[in-house]
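Comments concern the structure below.
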Amino acid sequence: MKLRPGTVIQGIEETLRDRIAPLLADQPFAANDLRMALSLLAIVRLGRDDEVSLKVEENRRLREIFTEAAGSVGDPGLAGRLREAGASSDPGLGIGELDAETGRLRKLLVELHDLVDRRDDEQAKDISQSIWRALRDIEMPRAARA
Amino acid sequence: MPEPSQDPAEERVADYLAHRMPEAQGMTVSALSRIPGGASQETYRFHARWQEDGKTREKDLILRRAPEMSLVNPEHGMEFAVYSALWGSGVPVPRALYGELDPAWLERPFFIMEMVEGRPALIYGTDDPFDGAGNAVGNNFWRNLGRLAAQDAAILKDAKLRGDDVRAHFWDVELTHWEAILDSDEDLIEPIVRGAIRWLRAYPPPDPARPAIVHGDYRVGNFLFQSDGTITAQLDWEMCHIGDPLEDIAWAIDPMWSMEKHFLLEEGLALWEEASGLALDREALDWWRLFSTVKASALWTTSERSFEDGHNREMVLALTAFRAGHFHRRLILDLMKQRGAMG
Chain A
34 MKLRPGTVIQ
44 GIEETLRDRI
54 APLLADQPFA
64 ANDLRMALSL
74 LAIVRLGRDD
84 EVSLKVEENR
94 RLREIFTEAA
104 GSVGDPGLAG
114 RLREAGASSD
124 PGLGIGELDA
134 ETGRLRKLLV
144 ELHDLVDRRD
154 DEQAKDISQS
164 IWRALRDIEM
174 PRAARA
Chain B
1118 MPEPSQDPAE
1128 ERVADYLAHR
1138 MPEAQGMTVS
1148 ALSRIPGGAS
1158 QETYRFHARW
1168 QEDGKTREKD
1178 LILRRAPEMS
1188 LVNPEHGMEF
1198 AVYSALWGSG
1208 VPVPRALYGE
1218 LDPAWLERPF
1228 FIMEMVEGRP
1238 ALIYGTDDPF
1248 DGAGNAVGNN
1258 FWRNLGRLAA
1268 QDAAILKDAK
1278 LRGDDVRAHF
1288 WDVELTHWEA
1298 ILDSDEDLIE
1308 PIVRGAIRWL
1318 RAYPPPDPAR
1328 PAIVHGDYRV
1338 GNFLFQSDGT
1348 ITAQLDWEMC
1358 HIGDPLEDIA
1368 WAIDPMWSME
1378 KHFLLEEGLA
1388 LWEEASGLAL
1398 DREALDWWRL
1408 FSTVKASALW
1418 TTSERSFEDG
1428 HNREMVLALT
1438 AFRAGHFHRR
1448 LILDLMKQRG
1458 AMG
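Chains A and B, in that order, are what the protein sequence lines are.
For our numbering, count along the first sequence from 1 and bump the result up by 33.
For our numbering, count along the second sequence from 1 and bump the result up by 1117.
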């Protein structure tokens, strides 16, 4: 049997809730802090399992948008950067590495979205709507599960 | 000289009060304790006792101290100035007594005000935060907001609030303000929030009939009420500014803390119109509802930043960063879908 970090966090939650919280009955400010700390521990515990996969999926989806939009943006410089980003891959699976890559891709997405929102043609409208739908799909699984 | 207190912190507060109240003798402070509520200032209650004119006087007081960094970082002294200006205006606020910017007393700026009867409503963990008095509370909630909108914004001219030198396009002042906060504090840009900002800039609302005092955080949880539904004090004015009164209405009905759950919105809006003397522009209110989600997102970003940087390790900041950030991005998605953004 292997002791998993999630189980350790759960054990900490149980100790704080069952042994420490009753000692704070006459200290409302500290008791309130402890309640919030317990909620945070649960969020961290439940969120750690799919943290990497959510980031990987977001990056994949953003690259897909860039590849699809590259031929429609008009601006050759931006089109080149979209193609390059669309063909890129995550540098690793560390949270820091993935966050840095997500940051790079999101900035490009905001630039693309801004550009198509300034245009008044159907193709631009389609890209803008496609970006909003992708943002919805990316955001929904990000809810804290506790 | 004040009589020595048991607790060094109580002694320091007593020293300060003795300094501000030269007529008081034998000042003592007791029962100094931090109380929950408000992520932007540290709030403490305490009991002061002194001799004056041969009589013993005592009072329950509240001390609000600036944190090092927080959800909101107002100009120090601003909230004290707002409380002072609104005292007696018809908008219920605690009586502010002393404002102090000199860090020599308690390390950071603070102010002291009278404690007011009543309790705050809990936003979470209960279906009835008003213990059956929701109708009366809702009635007073909307009337008070209308009264605030009816105030002459010039009464706060000395408070140097954001927007006090502006006569039009308050929407732009506010949107630019919160966008700048996102630019400064956002580690990982949120394209959903940036998309909402673009829409807001593309479809601005009309200017208000007149500049209004905007509370900035007018919502359930930021006032004290009594069992008969009387609202005894509107609190947490750190985000007060001069602007469009619709901003407060939109913030008050944000689904995260909406009064709409406890009081029919249409009745509330009618009460606001009656008390303010203003006609409500529904289309403009829709603009401000989307704006509220951007403002909220900026607040959660600042809380995330201050916790991550270690400037402020209050649990509530991390909790709002985790929960409220997603809540408002999801709300933006809903509102943008209603505007046809997703086809």
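Even glycine gets a Cβ: it sits at the ideal position worked out from N, Cα and C.
Beta carbon proximity, His1443(B) to chain A, threshold 9 Å: yes
Residue burial classification, Asp1353(B) (beta-carbon count within 10 angstroms, cutoff 16): buried
Distance, Ala167(A) Cα to Ile1370(B) Cα: Looking at the two C-alpha atoms, the distance is approximately 28 Å.
Start-end ranges of the beta strand (DSSP E) lying completely within the region 1270 to 1296 of chain B, minimum 3 residues: The region 1270 to 1296 of chain B contains no whole beta strand (DSSP E) run of 3 or more residues.
Burial state of Lys1277(B), where buried means 16 or more other Cβ atoms lie within 10 Å: exposed
Identity of the residues DSSP links to Ile53(A) by a beta bridge: Answer is none; Ile53(A) lacks a bridge partner.
Proximity to Asn1282(B) [Cα-Cα], best of Ala1213(B), Phe1227(B) and Ile1359(B): Reading off the sequence shown, one finds Asp at residue 1282(B), where the question assumed Asn. Nearest C-alpha to Asp1282(B): Ile1359(B).
Residue environment, Met34(A), which counts as buried when at least 16 other CB atoms sit within 10 Å: exposed
Candidates Glu1140(B), Trp1222(B), Ala1126(B) and Ala1148(B), of which the one nearest Asp1170(B) by Cα: Selection Glu1140(B), Trp1222(B), Ala1126(B) and Ala1148(B) evaluated against Asp1170(B) yields Glu1140(B) as nearest (Cα-Cα).
Spatially closest choice to Val1331(B) from Leu1341(B), Thr1349(B), Pro1362(B) and Pro1237(B), by CA coordinates: The option with the nearest alpha carbon to Val1331(B) is Pro1362(B).
Close Cβ partners of Met1118(B) (< 6 Å) along its chain, the five nearest in sequence each way excluded: Note on Met1118(B): pLDDT 49, under 50, position unreliable in the model; the coordinate value appears next. Cβ within range, chain order: n/a, list empty.
Where Ala1458(B) falls, given that 16 or more other Cβ within 10 Å makes a residue buried: Burial call: buried.
Neighbour list for Ser72(A) in chain B, Cβ cutoff strictly below 9 Å: The answer, in chain order, is Met1432, Leu1436, Phe1439 and Arg1440.
Chain-ordered neighbours of Ser1150(B) on chain A, where CB pairs are closer than 9 Å: Taking a Cβ-Cβ threshold of 9 Å, the residues of chain A close to Ser1150(B) are Gln60, Pro61 and Phe62, in chain order.
Per-residue contacts from Met1453(B) into chain A (C-beta, under 8 Å): Trp165, listed in chain order.
His1379(B) in three-state terms, based on DSSP: coil
Proximal residues of chain B, C-beta to C-beta of Leu49(A) below 8 Å: Within chain B, no residue comes near Leu49(A); the closest Cβ sits about 12 Å away, beyond 8 Å.
Short Cβ contact (9 Å threshold) for Glu1400(B) with Glu1291(B): Result no, Cβ atoms of Glu1400(B) and Glu1291(B) do not sit closer than 9 Å.
Residues near Ser1122(B) in its chain [Cβ-Cβ closer than 8 Å; skip 5 each side]: At Ser1122(B) the pLDDT is 48, less than 50, meaning the model places this residue with poor confidence and gives no usable figure here.
For Ala1213(B): DSSP bridge partner residues: Note: Ala1213(B) sits in a beta bridge opposite Met1230(B).
Complete runs of the beta strand (DSSP E) confined to the region 1301 to 1341 of chain B [at least 3 residues]: Listed in chain order, they are 1329 to 1331.
The region 1401 to 1419 of chain B contacting the region 1304 to 1323 of chain B, beta-carbon criterion three pairs below 8 Å: Counting Cβ pairs under 8 Å, three or more are found: they touch.
Whether Ala1266(B) touches Phe1340(B) by CB criterion (9 Å): Not closer than 9 Å, so no.
For His1136(B), the first and last residue of its enclosing alpha helix (DSSP H): Counting along the chain, His1136(B) sits inside the alpha helix (DSSP H) bounded by residues Pro1125 to Arg1137.
Chain-order list of residues whose beta-carbon lies under 6 Å from that of Glu1231(B) (same chain, five-residue window excluded): Pro1211 and Arg1212
Neighbourhood of Pro1323(B) by C-beta distance below 8 Å, restricted to the same chain and skipping five residues each side: Asp1398 and Ala1401
Given 8 Å, three or more beta-carbon pairs between the region 1381 to 1392 of chain B and the region 1253 to 1264 of chain B: yes
Within 7 Å of chain A by C-beta, residues of the region 1309 to 1343 of chain B in sequence order: Ile1309, Arg1311, Gly1312 and Arg1315
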